[in-house]
Amino acid sequence: MSALTDTFALSNGDRIPQVGFGTWLLKEGDECYHAVADALRLGYRHIDTARAYLNEASVGRAVRDSGIPREQIYVTSKLPAEAKDYDTAVAEFETTMSEIGLDHLDLYLIHAPWPWDQIGKDCREENRQIWKAMEKFLADGRVKAIGVSNFDSGDLESLLPACATKPMVNQIHWFIGLDPSDTVRTCTEHDIVVEAYSPFAHGLIVNHPEIAGIAARYDVSAPQLCIRYLLQKGAVVLPKATRTAHIEQNAQLDFEISPADMSILDAMRDTDKHEDAMEFRWS
1 MSALTDTFAL
11 SNGDRIPQVG
21 FGTWLLKEGD
31 ECYHAVADAL
41 RLGYRHIDTA
51 RAYLNEASVG
61 RAVRDSGIPR
71 EQIYVTSKLP
81 AEAKDYDTAV
91 AEFETTMSEI
101 GLDHLDLYLI
111 HAPWPWDQIG
121 KDCREENRQI
131 WKAMEKFLAD
141 GRVKAIGVSN
151 FDSGDLESLL
161 PACATKPMVN
171 QIHWFIGLDP
181 SDTVRTCTEH
191 DIVVEAYSPF
201 AHGLIVNHPE
211 IAGIAARYDV
221 SAPQLCIRYL
231 LQKGAVVLPK
241 ATRTAHIEQN
251 AQLDFEISPA
261 DMSILDAMRD
271 TDKHEDAMEF
281 RWS
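Residue numbers (this note's numbering): 1 to 283.
Below is the structure:
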């Protein structure tokens, strides 16, 4: 399970574990608590949540109850996408800190460049204003690193001139068949680490016959192959599972996909260019 101990350096010198445990859609209470507790027991040291997930309390409780020193666990949460002014950002951050019950966050992200019910709306000026709040959380020491999520190249290029401290991370939708190369290229140019969420495309790709066939060659599951692919693309990866066996299996990544198989996986593209995995169709 060496992948769980591999890390990337952020631009501030801190290190982020390359494999995290995602908690989207894990219900507050026993489901989320036990999944995070299992992940920590099995060696995960990077837990990703968000105010919008409504499970920060369970994440924080599992971290506190784990018996693992706090400095050994990397915890991320996110500012709600709807928070598009400074005062609202501060209020939402305080709610997160109260709910999660930890003295600091290792990473705090703007969850999206636009409200979820107004996807695509131009909120670039608002994002420049709330970035000032993000920089304040960092300066106050309550957050160790700051970044963004779901920002494309244009969103980033708009934000960067207004930054005293530039984003250290951009968490984006990325899985086999979805090509975010423009955004990844911009992140690389600006020393921004890319995180890949929903590496299984909400489960839509794990039964794809070509992926299953390649996975069988390595004697691994399709989800393991999906995670390993993104690791080899240079991303931090955030798989999610609820069953203990799947949580454990997803951490067993000590294999290497050959260049030839990486090329096959790279060539899988959604011909309709849908960014939403729920609309994803294989060519």
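Idealized CB from N, CA, C, for every residue including glycine. Since we're looking at a predicted model, the values are computed, not measured.
According to DSSP, residue i sits in a beta bridge with which residue or residues?
i, result
"P17", "T7"
"D48", "G22 and T76"
"I110", "L79 and V148"
"E195", "Q171 and V236"
Kindly list the residues whose CB is nearer than 6 Å to the CB of residue i, restricted to its own chain and excluding five residues on each side of it in sequence; keep chain order.
i, result
"L265", "I176 and Y229"
"A35", "L26 and T242"
"A222", "V206, I211, A212 and A215"
"A83", "A89 and E92"
"S11", "M168 and D191"
"D38", "T244 and I247"
"A9", "R15"
"A267", "none"
Taking the straight line between their C-alpha atoms, what separation do you get for residue i and residue j?
i, j, result
"D261", "Y44", "27 Å"
"G20", "Q249", "14 Å"
"C163", "I192", "13 Å"
"R269", "H46", "30 Å"
"L42", "E125", "43 Å"
"G101", "R64", "8 Å"
"L284", "G13", "Beyond the ends of the chain as shown, which are 1 and 283, falls residue 284; an answer cannot be given."
"K240", "V220", "17 Å"
"Y74", "D155", "26 Å"
"Y197", "S181", "15 Å"
"P69", "L40", "11 Å"
"A298", "M134", "Nothing in the structure corresponds to residue 298, since the chain is present only between 1 and 283."
"W174", "Y53", "19 Å"
"Y218", "T188", "30 Å"
"D152", "A57", "30 Å"
"T23", "H111", "14 Å"
"D85", "Q118", "16 Å"
"P259", "A251", "22 Å"
"K132", "P113", "15 Å"
"L204", "I227", "14 Å"
"F280", "S263", "With a pLDDT of only 38 at F280, under 50, the local geometry of the prediction cannot be trusted, and no value is derived from it."
"L225", "D179", "17 Å"
"G234", "I130", "29 Å"
Excluding five sequence neighbours on each side, which residues of the same chain lie with their C-beta closer than 7 Å to the C-beta of residue i?
i, result
"V184", "V194"
"E31", "T242"
"R128", "L159 and A162"
"L231", "A3, Q18, V237 and L253"
"T96", "R51, E56 and S77"
"Y291", "What is shown of the chain runs 1 to 283, which leaves residue 291 out entirely."
"F255", "Y218, V220 and R228"
Suppose contacts are defined by Cβ-Cβ distances below 8 Å. Is residue i in contact with residue j by that definition?
i, j, result
"T7", "R15", "yes"
"R61", "S77", "no"
"V148", "P167", "yes"
"Q18", "V169", "no"
"H104", "G67", "no"
Below 8 Å CB to CB, which residues in the same chain sit around residue i once its five sequence neighbours on both sides are set aside?
i, result
"E157", "T186"
"T49", "T23, N55, E56, V59, V75, T76, S77, K78 and I100"
Going residue by residue through the segment 130-173, where are the continuous alpha helix (DSSP H) segments of at least 4 residues, counting only ones entirely within it? 153-159
Worksheet item: At what residue ranges does the segment 220-258 contain a whole run of the beta strand (DSSP E), taking only runs of 3 or more?
Response: 236-238
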